[in-house]
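Written out below as structure tokens is the structure these notes cover.
Residue numbers (our numbering): 432 to 550.
Quick look at the structure:
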């Protein structure tokens, strides 16, 4: 069965904006980009990120947090996403990608009520 692979590429600014907005959605402070003093991105398999701000606050994000923040960013910016697809992050030198893979054989086929109509 065919399946779909798609990548949504986020610039570093979009990625940081998604994380800061996600932090606010979780009840944290809404920081702005000029307040960021340091960014730590784990490019190994762990997929974690730390943001340090000018008030010395450091916020850590797990891979699940990052995926959730990018999904929320897409929803807020009306970027369509398939609901029943696997999603993971890929860190690149220029930003972050949300890799989406949807296989049609993951969903059980539904028999259609087709009758044999003859003319």
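Think of the CB as a built atom: it goes at the ideal place given N, C-alpha and C, for glycine as much as any other residue.
Mind checking which residues open and close the alpha helix (DSSP H) that includes residue i?
i, result
"residue 450", "443-456"
"residue 498", "494-507"
List the endpoints of the continuous beta strand (DSSP E) containing residue i.
i, result
"residue 529", "526-534"
"residue 519", "517-522"
Leaving out five residues before and five after residue i in sequence, what residues of the same chain have Cβ atoms less than 7 Å from its Cβ?
i, result
"residue 471", "480 and 481"
"residue 485", "466 and 468"
"residue 499", "453"
By Cβ distance below 8 Å, which residues in the same chain neighbour residue i in space, the five residues on each side in sequence not counted?
i, result
"residue 526", "440, 441, 442, 443, 445 and 446"
"residue 493", "478 and 479"
Leaving aside the five residues before and after residue i along the sequence, list all residues of the same chain whose C-beta is less than 6 Å from its C-beta, in chain order.
i, result
"residue 501", "449 and 529"
"residue 435", "533"
"residue 512", "505"
Assuming residue i and residue j make a contact with CB atoms under 8 Å, what is their CB distance in whole Å?
i, j, result
"residue 531", "residue 516", "5 Å"
task = Any chance you could list the beta strand (DSSP E) runs of at least 3 consecutive residues sitting entirely within the region 457-487, in chain order?
result = 467-472 and 480-484
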